[in-house]
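S.K.: In the numbering used here, the protein residues as written are 713 to 950.
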């Protein structure tokens with residue numbers, strides 16, 4: 713039996729319930745063995761995720777990996793933060809998804825590489841609709857009907873040739889080389905844990921990886937301004 717846990721990605725606030733407490737009297741002894749190095753994430757993305765955790769997550773619930781040094785300095789990773797108004801944020805998200813393929817250096821990406829994450833079904837579905845109006849197909853899990861949404865989740869898989877679109881909750885445990893994440897809700901312990909989880913969903917790729925955050929929460933603007941590429945669209949929209 714192999715048990716794996718990451719208390720830093722405690723999106724439901726129940727870390728102790730599935731780590732230490734259930735193991736008491738179960739025949740296990742001593743501390744958990746800790747994996748200190750990350751072999752999955754690009755170095756730059758790992759640094760920004762760790763910085764976010766140190767700024768916003770409680771110290772008692774942080775376990776931050778160190779980069780493995782493998783491929784250090786050779787991997788390509790693009791990080792972009794877009795601060796925008798809530799009104800029209802879905803259009804900004806669509807523009808940022810398209811930007812993955814239209815900017816210089818985007819020749820190595822395909823629509824199958826792109827994943828969009830958003831925890832508002834309404835906002836996510838609007839992004840999917842706007843992509844469809846531009847002739848871009850997607851597979852998503854944003855349907856308002858709960859039964860249909862569950863069916864969509866069953867059919868959701870990363871091998872699909874279309875753009876993938878789902879919630880941060882549903883994407884936990886998955887990874888992608890090309891991510892656009894929309895953060896529109898007010899900052900709370902739960903939303904901060906979710907955003908950290910989203911930041912760690914980026915994976916290394918021999919031909920490069922990219923992560924874009926579109927954010928309409930003012931509380932995170934200062935952190936976002938420290939990203940390698942920062943764009944502020946606030947005030948640009950009515």
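Just so you know, even glycine gets a beta-carbon here, dropped at the ideal spot from N, CA and C.
Please name the residue in 822, 882 and 928 whose C-alpha comes closest to that of residue 869.
M.R.: Of the candidates 822, 882 and 928, the one whose C-alpha sits nearest the C-alpha of residue 869 is 882.
S.K.: Which same chain residues, not among the five before or five after residue 865, have their C-beta less than 7 angstroms away from its C-beta?
M.R.: 853 and 882
S.K.: Leaving out five residues before and five after residue 825 in sequence, what residues of the same chain have Cβ atoms less than 6 angstroms from its Cβ?
M.R.: 889 and 890
S.K.: Go through its chain and collect everything with a Cβ distance to residue 894's Cβ below 6 angstroms, but skip five positions before and after it.
M.R.: Close CB contacts of residue 894 within its chain, under the 6 angstroms cut and outside five residues either way in sequence, are with 805, 830 and 926 (chain order).
S.K.: Along the chain, where does the beta strand (DSSP E) that runs through residue 891 open and close?
M.R.: 890-895
S.K.: Quick check on DSSP: helix, strand or coil for residue 724?
M.R.: Confidence at residue 724 is low in this model, with a pLDDT of 48, below 50, so its placement is unreliable and no value can be given for it.
S.K.: DSSP state of residue 875, grouped into three classes?
M.R.: strand
S.K.: When the Cα of residue 837 is compared with those of 823, 821 and 857, which residue comes out closest?
M.R.: 857
S.K.: Helix, strand or coil: which one does DSSP assign to residue 792?
M.R.: strand
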